[in-house]
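Chemist:
Protein chains in written order, with my numbering: chain B, -9 to 299; chain H, 94 to 304.
1) Does the beta carbon of residue 131/B come closer than 8 Å to any beta carbon on chain H?
2) Do you know how far the Cα of residue 271/B is from the Cα of residue 212/H?
3) Between the stretch 193 to 201 of chain B and the stretch 248 to 255 of chain B, can you find at least three pairs of beta-carbon atoms closer than 8 Å?
4) Residue 236/B by DSSP, collapsed to three states: which one?
5) Between residue 260/B and residue 269/B, which are expected to be in contact by the criterion C-beta below 8 Å, what is the C-beta distance as a whole number of angstroms?
6) With a 10 Å radius around its C-beta and 16 neighbouring C-beta atoms as the bar for buried, classify residue 178/H as buried or exposed.
7) For residue 295/H, which residues in the same chain have their Cβ closer than 7 Å to its Cβ, ignoring the five residues on either side in sequence?
8) Going by beta carbon distance, what residues of the same chain come within less than 7 Å of residue 233/B, once the five residues before and after it are set aside?
9) According to the neighbour-count rule (16 or more other Cβ atoms, all chains shown, within 10 Å of its Cβ), is residue 102/B buried or exposed?
10) Using only the alpha-carbon positions, how far apart do residue 132/B and residue 240/B sit?
11) For residue 32/B, name the three-state secondary structure that DSSP assigns.
12) State yes or no: is the C-beta of residue 237/H within less than 8 Å of the C-beta of residue 229/H?
13) Determine, for residue 218/H, whether the minimum Cβ-Cβ distance to residues of chain B falls below 8 Å.
14) Does residue 274/H come within less than 8 Å of chain B when only Cβ atoms are used?
15) Buried or exposed: which applies to residue 190/H, given that a residue is buried once 16 or more other Cβ atoms fall within 10 Å of its Cβ?
16) Using the rule of at least 16 other Cβ atoms within 10 Å of the residue's Cβ for burial, across every protein chain shown, is residue 173/B buried or exposed?
17) Taking the alpha carbon of residue 208/H as the reference point, which residue from 119/H, 135/H, 269/H has its own alpha carbon closest?
18) From residue 127/B to residue 204/H, what distance separates their C-alpha atoms?
19) Using only the heavy atoms of the ligand HEM, determine whether one of them is closer than 7 Å to the beta carbon of residue 268/H.
20) So within the stretch 131 to 197 of chain B, which uninterrupted alpha helix (DSSP H) runs reach at least 4 residues, ignoring any that extend past its ends?
21) By Cβ distance below 8 Å, which residues in the same chain neighbour residue 259/H in space, the five residues on each side in sequence not counted?
22) Could you tell me the boundaries of the beta strand (DSSP E) in which residue 206/H lies?
23) Mind reading off the beta-carbon distance from residue 253/H to residue 196/H? Whole number of angstroms is fine, and I expect it under 8 Å.
24) Taking only three categories from DSSP, how would you classify residue 181/H?
25) So what does DSSP say about residue 247/B, is it helix, strand or coil?
26) Does DSSP put residue 137/H in a helix, in a strand, or in coil?
27) Give me the Cα-Cα distance between residue 264/H and residue 170/H, rounded to the nearest whole angstrom.
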């Protein structure tokens, strides 16, 4: 009888302990048993254990100890499955917008770099030799000006286009890849931080505006081959465009506004209204109050389109 | 009579006493110029050693001409020529408020050696249209690129100097800027340059060590 009572008591104590333990770990998903089982399986799978190490390298070494961790509460952290889930979702959920690396290179520099990679001679920017005294003087002058004017200095001035982006695009074009393929390639590389893209090519949904980049490359190649540069469109219409005509004493002024649509970049808006991405700084300047940086345009923002010419 | 002059002597001593630290003022009402540019404070005053004399490079009287020829008062049509007080005023108002820049147009080694406090080095060579990176400099000065050219309506005022009235680098920088489209009305020429600045005992700095 005493045996039964004491074993019942022991069971009750264990049960209570387990309940208390469970409550303490309520925030943690999964029971210790599940963690053990999954951990054990994962440790045997080389691919999965790599993923765990990637998610939290400091904890990687602790994982084998998890097998006798039911009593010791210390190693009871997020389950390995959660970590793997977090690691695989990192790009989608954790990364703040824009997740892509940007710089302030001009599109002319970028396209010239791509075209140079394709063997097309473009008159514009000369190849940059880091030992060029003029380049060094220019860089020193720029950092001096930026320093004294309190402008957030560009990491390297003058902005040197990222060779990564140029060679990536040039290589894909050489292979005759589709625009959709290049778009996927660029976005993947940009999210992974392998390439940095000009700010005006970042769209309102935080992607790389590959279409504008490719169109600009085609336009510049056309000019290099003796063709005509794209003209400024006379009339601009379409979704989001608003025109207001204000009549003053003897002159009529036209104001244009544009509401940012998903997928628009400052570059694509410049092309839409002025025929070339090179006009994006004017749009940016006219909207300084709502845009902190050219890569921060957001769907639904109402931009003023300045008069140029 | 005797007592009166004694009083006035005491009075004079009392008034002059606090001023004794600044016997070499800039003008009769200004002993020094203090201004802050982007968080950094500069003070310009004159050398208080009344027996001080220049030595070295800036005591030369006869540099070969060409190239070190005497320059006219005007660097280019429409560009105002200024003296030291206007330089100080420009630093205190325009540069301190971010509306202007004092440009040392000499080559970097001269600038590193000694320059006017608050000046920024933009060597004349970088403003030449032959510099493929000229556009980057113009943009940093506030010009906005438009198609192939620049819109200078947002560009800052520039006051340009070099080694002195016998130095061509400042005037050349101004000519380069004008041919790039910089409005003459936004340009000023401090013809006296380092030569006149130094002979007046005004403060210079070594930008390498003083930022």
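Even for Gly, the Cβ is constructed at its ideal location relative to N, Cα and C.
This one's a predicted model, so the numbers in the text were calculated from it and none came from an experiment.
Modeler: Considering the structure as presented:
1) As a position in the first chain, residue 131/B is number 141, starting the count at 1. Residue contact check for residue 131/B against chain H: a CB pair falls below 8 Å.
2) Your numbering for residue 212/H matches position 119 in the second chain. Your numbering for residue 271/B matches position 281 in the first chain. Taking the straight line joining both Cα atoms gives about 28 Å.
3) With a cut-off of 8 Å, the stretch 193 to 201 of chain B and the stretch 248 to 255 of chain B count as touching, because enough Cβ pairs lie within range.
4) Against the first chain, residue 236/B aligns to sequence position 246. In the structure shown, the three-state DSSP call for residue 236/B is strand.
5) Here residue 260/B is taken as the residue at index 270 of the first chain, counted from 1. Here residue 269/B is taken as the residue at index 279 of the first chain, counted from 1. Indeed they touch by this definition, with Cβ atoms about 4 Å apart.
6) Here residue 178/H refers to the residue found at position 85 of the second chain. Flag for residue 178/H reads exposed.
7) Taking the second chain and counting its residues from 1, one reaches residue 295/H at position 202. Excluding the 5 residues flanking it on each side, residue 295/H has same chain C-beta neighbours closer than 7 Å at 137, 139, 177, in chain order.
8) As a working note, residue 233/B is residue 243 in the first chain. Cβ within range, chain order: 244, 246.
9) One-based indexing of the first chain puts residue 102/B at position 112. Counting Cβ neighbours within 10 Å, residue 102/B comes out buried, since at least 16 surround it.
10) Position 142 of the first chain, counting from 1, holds the residue named residue 132/B. Position 250 of the first chain, counting from 1, holds the residue named residue 240/B. Approximately 44 Å, taken between the alpha carbons.
11) On the first chain, residue 32/B is found 42 positions in, with the first residue counted as 1. Reliability of the predicted coordinates at residue 32/B is poor, the pLDDT of 43 falling under 50, and the value obtained from them is presented with this limitation in mind. Taken through DSSP and simplified to helix, strand or coil, residue 32/B comes out as helix.
12) Counting from one through the second chain, the residue named residue 237/H turns up at place 144. Counting from one through the second chain, the residue named residue 229/H turns up at place 136. No, these two residues do not count as a Cβ contact at 8 Å.
13) The residue you call residue 218/H lines up with position 125 of the second chain. Closer than 8 Å to some Cβ of chain B, the Cβ of residue 218/H qualifies, so yes.
14) Residue numbering aside, residue 274/H sits at position 181 when the second chain is read from its first letter. No, no contact with chain B.
15) Reading the second chain from its first residue, position 97 is the one you call residue 190/H. Exposed, because fewer than 16 other Cβ atoms sit within 10 Å of the Cβ of residue 190/H.
16) Stepping through the first chain from its first residue, residue 173/B is reached at position 183. Residue 173/B is buried by the Cβ-count criterion.
17) Taking the first residue of the second chain as 1, we reach residue 208/H at position 115. Nearest option by C-alpha distance: 135/H.
18) Reading the first chain from its first residue, position 137 is the one you call residue 127/B. Reading the second chain from its first residue, position 111 is the one you call residue 204/H. Roughly 12 Å between the two C-alpha positions.
19) For the ligand HEM, the structure offers nothing, since it holds no ligand at all.
20) Counting only runs of 4 or more, we get 153 to 164, 169 to 181.
21) Counting from 1 along the second chain, the entry for residue 259/H is found at position 166. Only 156, 158, 161, 162, 163, 164, 288 meet the Cβ criterion.
22) Position 113 of the second chain, counted from the start, is the residue given in the question as residue 206/H. For residue 206/H, there is no enclosing beta strand (DSSP E); the residue is found in the alpha helix (DSSP H) stretching over 201 to 206.
23) Along the second chain, read from residue 1 onward, the residue named residue 253/H stands at position 160. Along the second chain, read from residue 1 onward, the residue named residue 196/H stands at position 103. Correct: roughly 5 Å between the Cβ atoms.
24) In the second chain, the residue the question calls residue 181/H occupies position 88. For residue 181/H, the three-state secondary structure derived from DSSP is helix.
25) Position 257 of the first chain, counted from the start, is the residue given in the question as residue 247/B. Here residue 247/B sits in strand by DSSP.
26) Taking the second chain and counting its residues from 1, one reaches residue 137/H at position 44. In the three-state reduction of the DSSP assignment, residue 137/H falls in the strand class, which pools E and B.
27) Counted from its first residue, the second chain places residue 264/H at position 171. Counted from its first residue, the second chain places residue 170/H at position 77. Rounded to whole angstroms, residue 264/H to residue 170/H spans 11 Å at the Cα level.
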